[in-house]
Every structure is written in structure tokens, then in C-alpha cells.
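Counting from 3, one number per residue, gives the positions in the sequence shown under this note's numbering. Beta carbons are placed, not taken as given, at the ideal position from N, Cα and C, and that holds for glycine. Remember, predicted model here, so these are calculated numbers, not experimental data.
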Amino acid sequence: MFLSRRQFLKVTAGTVAAVAVADNVLALTALQPVIEVGNPLGDYPDRSWERVYHDQYRYDSSFTWVCSPNDTHACRVRAFVRNGVVMRVEQNYDHQTYEDLYGNRGTFAHNPRMCLKGFTFHRRVYGPYRLKGPLMRKGWKEWMDAGSPELTSETKRKYKFDSRFLDDMLRVSWDTAFTYAAKAMIIIATRYSGEAGARRLREQGYAPEMIEMMKGAGTRTFKHRAGMPVLGIIGKMGNTRMNGGVNALLDTWIRKVSPEQAQGGRYWSNYTWHGDQNPSHPWWCGAQGSDIDLSDMRFSKLNTSWGKNFVENKMPEAHWKLECIERGARVVVITPEYNPTAYRADYWMPLRPASDGAIFLGAMKIIVDENMHDTDFLKGYTDSPILVRTDTLQFLDPRDVVADYKFPDFSKSYSGRVQSLKPAQVERLGGMMVWDLNKKQAVPLHREQVGWHYQNSGIDAALTGTYRVKLLNGREIDAMPVWQMYLVHFQDYDLDTVHQICRTPKDLLVRWARDSGSIKPAAIHNGEGTNHYFHMTINSRGAAMVLIVTGNVGKFGTGQHTWAGNYKAGCWTATPWSGAGLAVHTGEDPFNITLDPNAHGKEIKTASYYYGEEVGYWNHGDTALIVSTPKYGRKVFTGKTHMPTPSKFRWVVNVNVVNNAKHHYDMVRNVDPNIETLITQDIEMTSDVNHNDIAFAANTWMEFTYPEMTITVSNPWVQIWKGGIRPLYDTRNDLDTFAGVASKLSDMTGDKRMRDYFKFVYENRVDVYAQRMLDASSTFYGYSADVMLKSEKGWMVMVRTYPRTPFWEETNESKPMWTRTGRYENYRTEPEAIEYGENFISHREGTEATPYLPNAIMTSNPYVRPDDYGIPITAQHHDDKTVRNIKLPWQEIKRHANPLWEKGYQFYCVTPKTRHRVHSQWSVNDWVQIYESNFGDPYRMDKRTPGVGEHQLHINPQAAKDRGINDGDYVYVDGNPVDRPYRGWKPSDPYYKVARLMIRAKYNPAYPYHVTMAKHAPYVATPKSVKGHETRPDGRAIAVDTGYQSNFRYGAQQSFTRNWLMPMHQTDSLPGKHAIAWKFKWGYQVDHHAINTVPKECLIRITKAEDGGIGARGPWEPVRTGFTPGQENEFMIKWLKGEHIKIKV
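Rendered as C-alpha cells:
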């Protein structure tokens, strides 16, 4: 950094002034000469300096609170208060006191817990970006005052629905905000109810299937999102309570229908929308997710991190992984880049992005060829011995073979008593048969014949062979065990082919396969990053298969687990004996409200009037996946259980949904103008606030005035806390906003039940809702909300094992899985899976992120029979590529080039979460901006910097040099020009300048040549932030009216992404466990077997925009030092090689 003489004088003048007004005693202390001590053992040194130090750390009081962002940790930390102001936050070191009702306790090993986010949170609380009260968009208020006319092109333009980002935000009272929100709900629900509403929607171009899904109710156009609600299950889930309860009452008032016909709104997802759910888990284990308390890592002897940077992203929990090394485990990392976790590993396996499935299939071939699979486990616990008909590719059903076959009566066994399967559901699951080597014939096998029950059955099921079976209709068909079919399938995945696909060194492919086949217990942990590719479903089924066939599931230290998102609402588990679990809060029957504060949770009557919906459909242009195919004409790929409805009203809490949306600028420009009311509530001036109609200002975790509750996926604690400081501004708790609007609706409709539904909010007895949830959950039954709150500590989620281990009962106690067969499953019989060519686990190329033929299936297996729907191999529309299923051997696939690659879009861009932020939270915290990139500068010497820091794109040095890009230069990053940064863009459009991403390039040799990285979801550039950047003397990218601070000069990380609707995520036929109850469900459930967002499914082009040096002149200054990656001078090269070290023998 260079200072001019003028700048130097300014800085020194400020320093002198600061000293002049300092405390006299402090000044004298600073000026005292150094005290000389002859013998430090004989003379005690002067300690007067400690007075200053102690004064800095003096505090009046302290309190604990939970730092509860969506990072899966929920650290309880301590804030220190002086004069009513939080001065600092520290780790609390008290996890050894956490306990449960049985006397089990936590251990010191969990200490300490807190990262940079908790450490800096008070800087957000007191920061300049806080919302200080409710806001309302000027044009929207005028539209409401004008009678809310229907949105035509003219009215959208007049009231700025098509340019919300340019409108003024007005400060309004809470009463005004509640009143207008309630009026909007009545107007919009009325407008779109009945046949008149359906006609309007048809005229607007919505698909008939979407309109039919509304069931005549305008409230079905309401989209409510409780943002990561487990982070604050009482307040955040108040949005869901509002959605199902008050909306249902509103529907009956508008349509004059009975409670049985009433409809609430749609519940927008979180876990799947974020790409946090591993979409394979419902397929191979039937559960929403497989994850452990991370302390379980201590048990592993082979710990594979697959696309998961544990060291960077699991800060309070990362030590568990390192501790497995201390206990003799072998650690392997599978990632494209050499990341911080990789250099702690025994070996790192680089790969081409999204080619992961080939690695696992190659490992399977080696495991099988070298006889390292566990035959007994395959027969007793997996679908491997089950016979598959070679004609239909379905399981051989005993009803087709055995005369008068009847399914067993499971009413008094585990399937009926615990899994709640009824006879009709058992029939829907279907039957299965195996070839008994003892009887030399096909015999029925039922879902409870697993583990020792299978061993005691007397059946010895064949794993190999092809068998002729006669059906009751007289036909003879061939049937093969699943395992035999896979032996055929594995032949495509020889070592040479796998190496060509994934580019991982051959020796490492063999080494990992042999380690996986010989080391127990073994586990594979993936992060959300791998979920963000289109074909994660099939890739992760491959990862699970490696562990299943070696018996590495259901035991401590084993399993295929995922790490992303506090999704586990199922911890408030519903059982027949305890009650409805979470539903006593989110789904209390609004027509049968329990107003007794002392009522036990089991007494609460529940009914679900809302229905889930995936945010991904809104992100796809507010439409389902419907494609015009050459073979079948119009074909609907979205299952009926998944079908979205038109979006006309949106209310989100605790989430920056527009900012974080893939294809952000398309949503703002082309989709949201059709939505009549947008409401958000948050603590800061976010991008969402700048694009919404009403913004409710919320209290922070430190300011909550009544109890809140949370759990997490990576440790075993449930916690209740309150704030410890008074709210700074005119802000409210989350639950207050829903109660406020419900009260206004009650006044307007005359239905007092709308107010009664939030009775305990008005009475400041929110603890009643907390106690009911504890009462009604098997995992918390017996806990007292009051005791938990006053204890200021966490309490254990009461499950059978510590650490929590998925499928422990199924593997160790031979209980059936939550799958079709009751076993771990590697083969799929769902009609959709067969049609899409995914009945087997295969490698598939991405729909966009590939240099080869998009979406091709790599196999020659005759039992993979996909339908291509007649879509030609040259088709380039994103939906055509999404649904086209072409099966080819590898040599054919690699002959076909992706046209986008040929046009110069030759970089993958991985978009992981950052260790400094959580999604977009903390994006404008000053310390975080400085720390997060190589371009943090509190002095902002380069006025082009949007704030005190800015975002960066990591790029391989040679790849950058080949394109004339120097380290630190600004570059343009462009996605597929067909639709990015938004549909209909033109170079002459002023909004295109706002939307096109300009970002700093940072050399990073850890990334392969064609792989770049930009961290996920910083604050996007808006027209107002761009105007601020271009017109303010200091160049800050800040909106002059709202004070919104962008992390970019232009564009955003979401400029080059788009939404994809994966067909395998939209089936109606997949069975599995209900997310929050002990029962089966089929097809869709919110956050469970649903559209998974895939932002890494993209290719980008990178071109130089400006020099990196100050004022766009010359290179970025650190490059001149010779010490930066890719620009090393001779001294640095020698230092890196260790040649400056001289060893004397």
C-alpha cells in the first residue's frame, strides 16, 4: 500500500487528534518509560498495564444465547454486556453439563464451540444495516390504495411491479404494515378463487395441471417460506402456522366451504431448495437423510470426505475428523480442488467435476473382481438376491407365481406396529421373490425377513445366475438376482474407462477401492457441494453401494452421510403414544383450537391444511416440468404429488430468497413481476428487502423477548433461549408479525378464531407452544421448557444411541428399512426410474456442465432401457436436455462435444458455502468482508472496491494467463447466453449492465485448469447499488436511499446459474419414511424426495474486464512482490522447494 504525502498528513493528523482527547491517565501510562528489571526472578515487574487491559474486558453482566444460522452447529455462546451494550462474545465451555432425563451427559470433548460468525454477530446487531422498523414499497401501497387492479403490462409499469428495485421504500407503522398485508391476502385469495380465478390464471398462461392443484382455493396461490425453520422452530415456524391455520380459515370465509374442503397455502421448502438434501437417500434407505452426530467420526477407520471441505466448513465440529486420525483412521478426500481438508488426508483423489459416479462404479468392479464384498450381508440386508424379471425389469412378484398368494399379516410386527403399514400399503409396496438354492426354485421373501430373520427362514438365496420361472398365466420368463444384473453392469467400468471419465490417477482408483473393500468401519461423508450437480441422485447411490456391499452401514463409524442444512424437523418426532410432535405447533387444527395453556401436547388436535411446494418451480419460471416431445407430444414430467400452483402472494422469514436464487436476475425481471404481493422479514437491509413490497423488521437472537428453540444435525442438543439485551429499534419477534396480521384478518372477517390461533403470543405465553412441542415428541417427552430455559444450556435429543447412528436398529436388530423391500436398495423398480434409465446406478454426464454429450448415460447394459422421447441428440433447450435419456458406451459419448463448450464456455464453476458467512448472512459485516477474500481493505485504497472487501473468482494461474488475465484483474463471467443472466437480455438494456457479473480473478493453483470457484450467495448488485458505485465520490456500491450494500460492483454469483428440474426428483411412486412421523409416504413430501437445486450445473466463459491495479492501471499491487501464486520470483520458488534451508550433519 502506497500513501501520498497528502494522505500521510491526513492520517497522522487524525492520530494526533485521537491522542489529544484521550484520558489523561491513559496518556501518561502510554508515555511512561520502560521499566528496567535486572533479575526477573528477584523483582516483580510493573503490572499497571493490566488496569487498561482489565478495563477493556470489564463487564456488568453476561448471558448465553444460541448462534443459530443454517450451518448445522447451533453453538450456545456467552455475550458480555457493559452499560447495556454487548461488548464481546466468547465460547462458553460448558458442554460437559448438557444432559437428558436419564442422567446421560455431554463431555468436555465438545468444547470449545463458536466460530467467526458468533464472534462477530454483535457487529451485525449494532451495525449500520439493521432494519429499524417496517418498510413498504411506495408503488405497491399506491396500487393497494387504488383498489389493487389486476396486473396488466400497464399496471405493472405504473406501480413498478416490473421494477421493484427502482421504487422507494417507505417507513410505516406496524399497524399500517399489518393492515395492508391482511387486505392483500383477502384481495388476492378472493381474486383467484373459484372458476373466475381459474379463468384468470388460464388467461395468464398457467398450465391446467397447476390450476387443478389449487382445488378452487385462491389461498393456494399463497407461498409461505419459514426460512430454515429449525433454527427457530417457534418463531420461524409461525409462518407455517399462519399458512395452514389462518389461511384455511380465510378460505372458508371467502368460498363459504366446510373445514373438510378448506385449503391453506403452499409451504415452500428449505432443505431441498438449498441443495442440502442428498437426493439419493430416499432412494437407497427410504429416509429423508442419513447423517450422524459428528463425534461418530472417532469410530471410523476409513473416513472419506467426498466433495466436503470439513476443515473449512464444519468449524466447531471439524476436530472430530482430525481426532479419527489420532485413532488410526485413514483419511481420503475426493474433490476437484486441493482444499484444506485434502492436505490433512492420507491421499487426495482429484476428479473431473460431476464424474463421481464413475469412481464408485469403478471401485465396485475392483471390489467384486477381488472378492471383497460381504456375501452374507448382501443376502441378509440388501436387495441383491431379489429376482428381477428381464422382460419388465420389475421385481418378480409372488402374486404372479404362487396361486392365491397372500401377504403376511404385519399388524403385530414391526412393519405394522412401528412403521404403521396397513394391508393396502403392503400390497402397494409389492412382493418379491428370491431363488432358493436349497429348493432350487423361486420362493417368496417378505420385507421382515432381514438379518437374523432371514437366516432363520431356511432360505439360501442365490446372488448369481439366470432362472426360468413359470407364471400363473402359463408364460415362462427369465429372472435374475439384482446382484447378477450388476455383475453385467460393472463390465463397462474397467479401470481404463473410469480413468478416462473422471481423470483420477489409476493408482488412486485402485488404492481407494481396495481400502473400501478391506477397512472397517468405513464411512463416506459428502457436503452440499456434490448435491449441486444434476446427477447427484445416481452418483450418491453409487457411494452408498460401495458401503452397502461391504457391510459398512448401520454401525458406529460407518455410513454414507450428508452435511448441509438444519433440516431435522423430524427430531420433534410424532408417535401414537406421545402425540403429533412438531405438528402441534405447525398444524394445530384451526377449527378445533386448544386455548388451555396447561393442555398436554398430546391433547392438541391437528390437521394439515397447507401443502408443500418446491421453490424450484418458481425458480423455473413459476411452472412445472412440461415438455413438448416429438414422440409423445406434450408430456408432464412433474408428478401429481409435486405439482406447483401459480404464485401470487409470497411471505418469507429469515431468508434472502431472491438474493440466493439461481438465475437471480431472471427472477427479478421475468417472474416476480407477476406476483402481486411480496413480504419478507429479516434483521438487515438485504437484497430481498430491496425487491419486496413489505419488509417486517425482526429482532436478533440476542434480542428475543420470549423463548425460542432449536436443534441441529451435527450434535445431539436441543436448546431453548431468550435474548439478553433490549431490542435496539422498533423491531418485533418473528411470531409477532404473523400474530399481528392474523389479528387484522380477524377484525376484517369477523372470525375470532384467526386471533385465537395466536392467543399465547398476545398473552406473552409463547412458552406454551414450546412445552406442547416437547410434550408431543417422543424425543423430548418429559422435558420442561421452563427448566430448559432457566438452565441456560443444551439438553440431549433422546434417541437410542450416542452418537446418533442411522439404521443402527435395522442393521444390529434386524428390523426392516423404510424401503420397498425392507432392505438397503441398489436397484429401482419405479416406472419413472426405468423410463429414465436409472434403474441401475450409472455414470451420467451433466445437462450443461460437461464438455461431452449432455445428459448421456454411460452403459451398454441390456437391462438399462431409457426412453429418449424422440428428442434429437442436437437439441439444446434446457428442458429438452433435462428429459432426454440417451444410453451410449463411453467411446461414443466422448465423441460428441457439448456445443456450449465449443463456443468458449469451458470452465466449470463450483459455488461452495463459505466459512465466513452462512448463505448471504454476514455478507456486509465489516470484519467478514475484510477476511473473506484476498481483496479486503479497510482503507479502500482502490475506490472500485464495492465495500471494505469484495468477492473473488478462484482460477488456475495458467488458465488465466492463457486468456490474458493477471492475478487480481477484474473479469467478466458469462453463463449460457441463451438465457443468462436473464431471458431476453440485450447488450443495450441498462439492466444487463447491472446483471452481468464483474469480479476479481484470484490465481489459485489448487484448482485444475478448467475448474473455477466463487463462494455462494453474497449480496447481489442492484440498479441502486450500481448507481451508488458509479456516482458516489467514494465509489461504494451502496443504495443511496435504503443503504443496501452490495458485495459486487456488477452482477452476482447467481448471474451465470439457472434452475434445472431433475425428473428423478419428481416421482409419485417412490415409497419412504414420512419426515416427521413413523409412517410411510409415497412420492413428494416437502424437503424429502423433491426438486434439488443444482447451481453447479453450468459452464462459464471468462474474459478480462479491467486491470487489477489501483484505478485500473497495471497489475494488482501484491503481484509485484513475487510471492503470490503463479507469479513467484526466484527466491519464492526456492523457498517453496525448501532450498533455503541448510542442513548441517
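Residues in the same chain with beta-carbon distance under 8 Å from residue i, minus the five sequence neighbours each way, listed in chain order, please.
| i | result |
| --- | --- |
| M669 | W620, N621, V660 and A663 |
| I461 | V436, D438, N440, V445, L447 and Q451 |
Rounded to whole angstroms, how far is the Cβ of residue i from the Cβ of residue j, which I believe are closer than 8 Å?
| i | j | result |
| --- | --- | --- |
| L380 | S386 | 4 Å |
| D1061 | P1020 | Residue identity check: residue 1061 is Asn in the sequence provided, not Asp. In fact, because the Cβ distance is near 20 Å, the residues do not count as touching under 8 Å. |
| N717 | V232 | Wrong, their Cβ atoms sit about 13 Å apart, outside the cutoff. |
| R354 | C504 | 5 Å |
| V484 | V390 | 6 Å |
Assign residue i to one of two classes, buried (16 or more other C-beta atoms within 10 Å of its C-beta) or exposed (fewer than that).
| i | result |
| --- | --- |
| H375 | buried |
| N600 | exposed |
| P338 | buried |
| I1145 | exposed |
| V980 | exposed |
| I1135 | exposed |
| H56 | exposed |
| E1141 | exposed |
| W797 | buried |
| S413 | exposed |
Going by DSSP, what residue range makes up the alpha helix (DSSP H) through residue i?
| i | result |
| --- | --- |
| P483 | Premise fails: P483 lies in the beta strand (DSSP E), E478 to P483, not in any alpha helix (DSSP H). |
| N814 | W810 to N814 |
| N528 | Taken as a continuous stretch (DSSP letters only), N528 belongs to no alpha helix (DSSP H), being part of the beta strand (DSSP E) at A524 to G529. |
| T515 | With the sequence shown as reference, residue 515 is identified as Ala, and Thr is not the correct amino acid for it. Where A515 is concerned, the enclosing alpha helix (DSSP H) stretches over K508 to S520. |
| R755 | R755 to D758 |
| E205 | G196 to E205 |
| N662 | V659 to N662 |
| P833 | P833 to E837 |
Taking 8 Å as the threshold (C-beta atoms), are residue j and residue i in contact?
| i | j | result |
| --- | --- | --- |
| Y1180 | G234 | Outside the shown range of the chain (3 to 1147) lies residue 1180, about which nothing can therefore be said. |
| W723 | T74 | no |
| D969 | K1017 | no |
| Y1151 | R132 | The structure shown does not extend to residue 1151, since the chain spans only 3 to 1147, so no value can be given for it. |
| W924 | M775 | no |
| L168 | K143 | no |
| H534 | V1096 | yes |
| V91 | V83 | no |
| L1101 | E812 | no |
| N766 | T733 | no |
| K883 | I859 | no |
| D253 | A191 | yes |
| E934 | T916 | yes |
| M351 | W514 | yes |
| K225 | W275 | no |
| N241 | F698 | no |
| D494 | T861 | yes |
Which same chain residues, not among the five before or five after residue i, have their C-beta less than 7 Å away from its C-beta?
| i | result |
| --- | --- |
| D738 | V763 |
| P2 | The question about residue 2 has no answer here: the residues shown for the chain are numbered 3 through 1147. |
| F301 | P523, F558 and G559 |
| G872 | T631, P632 and K633 |
| A1054 | H666, L999, V1022 and A1023 |
| T643 | D1070, G1085 and Y1086 |
| K817 | Y416 and E811 |
Counting only the same chain and skipping the five closest in sequence on each side, list residues whose C-beta sits under 6 Å from that of residue i.
| i | result |
| --- | --- |
| L304 | R332, D517, I521 and A524 |
| N311 | N341 and T343 |
| Q773 | A787 |
| F180 | G742, V743 and K746 |
| Y611 | G246, A250, A264 and G266 |
First and last residue of the beta strand (DSSP E) that includes residue i?
| i | result |
| --- | --- |
| L1101 | L1101 to E1108 |
| T1069 | Where T1069 is concerned, there is no enclosing beta strand (DSSP E), given that its DSSP letter is neither H nor E. |
| E710 | E710 to I713 |
| H956 | Q954 to I957 |
Against chain D, does residue i count as a neighbour if the rule is that its beta carbon must be under 8 Å from one of theirs?
| i | result |
| --- | --- |
| R1051 | Absent from the structure is chain D; it holds one protein chain and no more. |
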